[in-house]
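Residue numbers for the sequence shown, in the numbering used here: 3 to 443.
Even for Gly, the Cβ is constructed at its ideal location relative to N, Cα and C.
What you are looking at is a predicted structure, and each value in this text was computed from that prediction instead of being measured.
Read through the structure below, which is laid out as structure tokens, and then see the notes.
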Amino acid sequence: GFYLWDSFTVGVAISSMGNDEVNGGNDFAELEYMNITVITSNKPYGARDGSNPFFDGSATPKFGLKEGGVHSGHVQTGIRDGFCLVPGSNTGRCQDGYTKEVAGSEGVRVRVATSAKPNTDNSSTLDREFFKSFLEVLNLPRQSGRFNISTQFPFYREVLYKPDFMNVSRGKPVIFDMDMSPGDFISLIYLLKTPREVIDVKGVLVNGNGWANIATIDVVYDILHMMGRDDIPVGLGNTTALGNPTLGCNNAYAIPLGSGGFIDSDTLYGLARLLPISPRRYTPESSDDPEHRQPSAFEVWQCVRKQLDPGDKITLLTSGPLTNLANISLSDRDASSVIERVYVVGGLIRHEGHEKGNVFTVPTNRYAEFNMFLDPLAAKTVLESNLNITLIPLTAQRKVASFGSVLEALKQTQQTPESKFAQELFSLLKELQSREKLYHH
Numbered sequence: 003g004f005y006l007w008d009s010f011t012v013g014v015a016i017s018s019m020g021n022d023e024v025n026g027g028n029d030f031a032e033l034e035y036m037n038i039t040v041i042t043s044n045k046p047y048g049a050r051d052g053s054n055p056f057f058d059g060s061a062t063p064k065f066g067l068k069e070g071g072v073h074s075g076h077v078q079t080g081i082r083d084g085f086c087l088v089p090g091s092n093t094g095r096c097q098d099g100y101t102k103e104v105a106g107s108e109g110v111r112v113r114v115a116t117s118a119k120p121n122t123d124n125s126s127t128l129d130r131e132f133f134k135s136f137l138e139v140l141n142l143p144r145q146s147g148r149f150n151i152s153t154q155f156p157f158y159r160e161v162l163y164k165p166d167f168m169n170v171s172r173g174k175p176v177i178f179d180m181d182m183s184p185g186d187f188i189s190l191i192y193l194l195k196t197p198r199e200v201i202d203v204k205g206v207l208v209n210g211n212g213w214a215n216i217a218t219i220d221v222v223y224d225i226l227h228m229m230g231r232d233d234i235p236v237g238l239g240n241t242t243a244l245g246n247p248t249l250g251c252n253n254a255y256a257i258p259l260g261s262g263g264f265i266d267s268d269t270l271y272g273l274a275r276l277l278p279i280s281p282r283r284y285t286p287e288s289s290d291d292p293e294h295r296q297p298s299a300f301e302v303w304q305c306v307r308k309q310l311d312p313g314d315k316i317t318l319l320t321s322g323p324l325t326n327l328a329n330i331s332l333s334d335r336d337a338s339s340v341i342e343r344v345y346v347v348g349g350l351i352r353h354e355g356h357e358k359g360n361v362f363t364v365p366t367n368r369y370a371e372f373n374m375f376l377d378p379l380a381a382k383t384v385l386e387s388n389l390n391i392t393l394i395p396l397t398a399q400r401k402v403a404s405f406g407s408v409l410e411a412l413k414q415t416q417q418t419p420e421s422k423f424a425q426e427l428f429s430l431l432k433e434l435q436s437r438e439k440l441y442h443h
């Protein structure tokens, strides 16, 4: 399957390198040269509709491309491009990214693996020659790993931990809406450590358009697993800002991809590997196992609302862009009737006119705050709603940003696994801030 695609490519490369790179045969694949190109546009070719940067606005096509050729048509502008959608069908008609064999100067001569060679041993249950070699190599005693994976975690079992709150009085129902930045995970632990008589965490919503990629939802599952709260549902929100996914707000470009940005957030600065692995993982909507499909943020909202006791109202804590809450407000017109209050982390209130925002990657915008900047339309929608909102702006946040004192206090306390984890994260952030400018946001 697809999981062996990469390994098969490695095997083909190794075989070619061992059998003379240019003229030698290959043990695992039939190879032949083809004249190919990658389709970048769609028929009718030669049409100028403003979507093709190689042709539109230029008297001469760029890069020597041919007028009326396979690159001269409509370019898909996004996953919901109306040109590509076939009315009444779930199948699109655009071919952008399709690798096609062509004749003429627009193609490139490339050696292509056209098929995987069958196993020379007809009696084997492995039908491809590569599979036999792959298993043989994995089982070679030489160059074996230093650690034995089969005995490293002898006590681990895939068990869901769901607490028994049968005789425990319940506090206010709470939904935590997070963008999975490092501080959010400490906040989640803090919420889960708070006695259930005070707050009752009913669900977690995550933003896919905030400070981390959607795959980081697995870290949320791991935190809940560590805390014995596999009963709490997690809903995944939009990966784009409110509005048209194709042409809407694209301010997520302001989040760095490397240090201090996506890479660090997605791995929780490398500390995610210290967490126990939850049996619950992100499963895409197209999965063959719909029972374990990742629920959406709105589905979790509907589930929590349905389970409310008569008279109960939900408190929402939002620590990222307000996309999820805006979508809930727009999709569930009666949502405000069961929302008691919303606490919003975000915004910059300039009392004296001297404060600056924290969108450090966009020097042309001095006053924006990231959570609002990443989806301003959602923020406007929520703020203009009839919800009871408590805003915790950047000016207030800056008054509690003291790693030093928090770290010292954590060191003096009797450490639980949770406080030790928080200390590890805060210590790492403090060290990074002292060494690198990128971590001062």
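In the structure shown, the three-state DSSP call for residue 178 is strand. Rounded to whole angstroms, the gap between the alpha carbons of residue 22 and residue 44 is 39 Å.
Collapsing the DSSP output to three states places residue 46 in coil. Contact between residue 131 and residue 121 is confirmed by a C-beta separation of about 5 Å, below the 8 Å threshold. Beta-carbon to beta-carbon, residue 41 and residue 99 are separated by about 7 Å, close enough to satisfy the 8 Å threshold. Between the region 187–201 and the region 415–425 there are three or more inter-stretch CB-CB distances shorter than 8 Å, so the stretches are counted as touching.
Secondary structure at residue 295: coil, using DSSP grouped into helix, strand and coil. About 24 Å separates the Cβ atoms of residue 270 and residue 165, ruling out a contact at the 8 Å cut-off.
Counted as a single uninterrupted DSSP element, the alpha helix (DSSP H) harbouring residue 228 occupies residues 219–228. A direct Cα-to-Cα measurement between residue 80 and residue 242 gives close to 12 Å.
Between residue 187 and residue 216, the CB-CB gap reaches or exceeds 7 Å. When the five nearest sequence neighbours on each side are left out, the beta carbons in the same chain lying within less than 6 Å of the beta carbon of residue 85 are those of 76, in order along the chain.
Residue pairing for residue 386: DSSP places it in no beta bridge. Each of 322, 304, 350 was checked against the Cα of residue 337, and the nearest Cα belongs to 304. A residue is called buried when at least 16 other Cβ atoms come within 10 angstroms of its Cβ; residue 162 does not meet this threshold and is exposed. Residue 64 sits close to residue 56, with the two beta carbons spaced by under 7 Å. In the three-state reduction of the DSSP assignment, residue 208 falls in the strand class. Residue 137 and residue 110 have their C-alpha atoms some 35 Å from each other. The alpha-carbon separation between residue 106 and residue 72 amounts to approximately 11 Å. Nearest C-alpha to residue 318 among 14, 177, 108, 112: 177. The three-state reading of DSSP puts residue 140 in helix, counting H, G and I together.
Residue burial annotation: residue 117 is exposed, with fewer than 16 other C-beta atoms found within 10 angstroms of its C-beta. With distances taken between CA atoms, residue 313 lies nearest to 340 out of 296, 430, 340, 291.
DSSP places residue 117 in the uninterrupted beta strand (DSSP E) bounded by 110–118. A residue is called buried once 16 or more other Cβ atoms fall within 10 Å of its Cβ, and residue 167, having fewer, is exposed. A straight-line Cα-Cα distance of about 28 Å links residue 367 and residue 218. A straight-line Cα-Cα distance of about 22 Å links residue 306 and residue 286. Looking from the CA of residue 333, the closest CA among 362, 344, 298 belongs to 298. About 10 Å separates the CB atoms of residue 322 and residue 210; that is not less than 8 Å, and the two are not in contact. Distance from the Cα of residue 331 is smallest, within the candidate group 379, 411, 359, 139, for 379. Looking at the DSSP output, residue 37 bridges to 111. When the five nearest sequence neighbours on each side are left out, the beta carbons in the same chain lying within less than 6 Å of the beta carbon of residue 294 are those of 285, in order along the chain.
DSSP, read as helix, strand or coil, puts residue 272 in coil. By DSSP's assignment, residue 391 forms a beta bridge with 344.
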